[in-house]
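Engineer:
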Amino acid sequence: MIVLSFGFFLLVFTLIGLASIIKSRHDNLDYLLAGRQVKPWLVGLSAVATNNSGYMFTGMIGFTYLTGLSSVWLMVGWLLGDFAGSLLIHKRLRIATERTGQVSFSGVLSHWNGTDYRKLRVVCGLISLVFLGAYAAAQLNAGSKALHVLFGWDLSAGAIIGSMIVLAYCFAGGIRASIWTDAAQSFVMILSMIALLFFAVQSTGGMSATWMHLHTISAGYMDWIPPDLPVQGWLGPVLFIVGWCFAGFGVVGQPHIMIRFMALDDPQNIVRARLYYYGWFALFYAVTIAVGLMARILIPHIDNFDSELALPLLSIDLLPPILGGLILAGLFAATMSTADSLILSCSASLTRDFFRHKKENIWITKLSTVLVTFLALVIALTGSKSVFQLVLYAWAVLAAAFGPLLIVYCLKQQVSERIAVTMVLTGAATVIVWTQLGLSPILYEITPGIVAGLLVFVIGKAIAQTDSRS
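So the sequence shown is residues 10 to 479, counted in this note's numbering.
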């Protein structure tokens, strides 16, 4: 029964995506940006589903399972930073998208000031390809973990099934197929998590009993601030929370999410899209943390246990088969809703940033989608890094590379191509170096990455002003 339930929901998602071909205009603007005609509610729900990926269903639940209540600061910091980025950038990005006539994230960045910065476009495209591809592989890997636990299938099965479904509807309808399925998937995601939370609380005897159980797990598990921060005193919690605020702000550097706001039908509708996005996002994040806490009660911690498998294991133990299928469909919905967006963003980079043709050819773009899907699948089948760590690393690099440049653009500052390229490379390099030095536990690497990118602009502008006066 659980297999039938799971298969039914996957079929529904696939059919919704395939149905988008009815509205397809068979050109690159439509395939990559849905003709900039997407309604606010679709933009909001699609962005939520894309943002809340396998990272939430496997990574975030696993992180909460291990660390406890203090994981709530990831939600608080993320939402605050995300909202700050929205106020500064989303509307301006949508306006710039139409003004420049570009259909890729890198294309808008390289044409923002009315000049074609070709070197910047290539650099942005290369970073997008590498890290969005790894990010997509992490999503496919998350789905594989769930199928392995629930059905005992080989770890490669989920990645293969997910990639085939994503490829089918993306090939048919492009970004519109992705957005339509995202909207449907967002409902399944939230309903499945709420259902699981309800059954989990009931199985422990209700809210009061649950609260008592949580306080008996281990010392510090229900503390608001992690007890083992590398920096002691008041500075440790501050750095911890600030790091996650920057992580939330890093949404503005994620091409696969920002493309949703670029596809909005009217820049004036950004407030409505924002209401759908943050309302749904806050609810889903809170329920995810609650499920992670419940998992620690119902699945005792043992050595060598992969905490990212907590959700599917909990589903098997608590739910009737049909609802277990719903949970798995919800997890798969999350992974696919992000994977399809990442793959399409990579396709846009390949065709628009590297191999540009004067004559538009939708089939070249579609073939690039096939290629990117295949490469993401290969990475998923051969990689071993956890979903949580891989997503956070790719997220940080993309945010630090593109975030500072977007900030400067939206503050109406002129940036030369040399400075722009240096900002992008410095932000990305800082994240990589920070991580390799093992400093991430002190401060999430996205923070120094964004700060470094902004410092490049400040220093470059100061030098330019000095030269102009001399």
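Even glycine gets a Cβ: it sits at the ideal position worked out from N, Cα and C.
Which of the three DSSP states, helix, strand or coil, is assigned to Val424?
Structural biologist: Correct three-state label for Val424: coil.
Engineer: Helix, strand or coil: which one does DSSP assign to Leu351?
Structural biologist: Reduced to three states, the DSSP call for Leu351 is helix.
Engineer: Kindly indicate which three-state DSSP category Leu448 falls into: helix, strand or coil?
Structural biologist: Here Leu448 sits in coil by DSSP.
Engineer: Span of the alpha helix (DSSP H) holding Lys32?
Structural biologist: First-last for Lys32: undefined, no H or E at that position.
Engineer: What would DSSP say about Leu322, mapped onto helix, strand or coil?
Structural biologist: Helix at Leu322.
Engineer: Go ahead and label Arg305 buried or exposed: buried means 16 or more other beta carbons lie within 10 angstroms of its beta carbon, across all protein chains shown.
Structural biologist: Classification of Arg305: buried, given that the 10 Å Cβ count is 16 or more.
Engineer: Compute the Euclidean distance between the alpha carbons of Ala357 and His120, then round it to the nearest angstrom.
Structural biologist: The straight-line gap from Cα to Cα measures roughly 15 Å.
Engineer: Where Val261 and Ile455 are concerned, what is the direct C-alpha to C-alpha distance, given to the nearest angstrom?
Structural biologist: Taking the straight line joining both Cα atoms gives about 12 Å.
Engineer: How about the segment 23 to 31 and the segment 171 to 179: do they share at least three Cβ pairs that are nearer than 8 Å?
Structural biologist: Touching, yes.
Engineer: Only counting the same chain, and skipping five residues up and downstream in sequence, which positions put a Cβ closer than 8 Å to that of Ala204?
Structural biologist: Closer than 8 Å at the Cβ level, and outside the excluded window around Ala204, lie Leu328, Leu332, Leu335, Ile336.
Engineer: Within its chain, find whatever has a CB closer than 8 Å to the CB of Ala256; leave out the 5 residues flanking it on each side and keep chain order.
Structural biologist: Excluding residues within five positions, the ones whose Cβ falls inside 8 Å are Leu83, Gly86, Trp87, Gly90, Leu401, Trp404, Ala405, Ala408, Tyr453, Ile455.
Engineer: Per DSSP, which one or two residues make a beta bridge with Leu273?
Structural biologist: Looking at the DSSP assignment, Leu273 forms a beta bridge with Val47.
Engineer: Assign Pro329 to one of three DSSP states: helix, strand, or coil.
Structural biologist: Coil.
Engineer: In angstroms, rounded to a whole number, what distance separates the CA positions of Thr475 and Phe270?
Structural biologist: About 38 Å.
Engineer: Apart from the five residues just before and just after Thr23, which ones in its own chain have a Cβ nearer than 7 Å to its Cβ?
Structural biologist: Contacts found: Ile174, Ala177, Tyr178.
Engineer: Helix, strand or coil for Gly462, going by three-state DSSP, please let me know.
Structural biologist: Looking at Gly462 - three-state DSSP - the assignment turns out to be helix.
Engineer: Roughly how many angstroms lie between the CA atoms of Gln211 and Val12, to the nearest whole one?
Structural biologist: The straight-line gap from Cα to Cα measures roughly 25 Å.
Engineer: Using a Cβ cut-off of 8 Å (strictly closer), state whether Ile336 contacts chain C.
Structural biologist: The structure shown contains no chain C; it holds only a single protein chain.
Engineer: Give the single residue among Ser55, Asn278, Leu138 whose Cα lies nearest to the Cα of Thr190.
Structural biologist: Ranking Ser55, Asn278, Leu138 by Cα distance to Thr190 puts Ser55 first.
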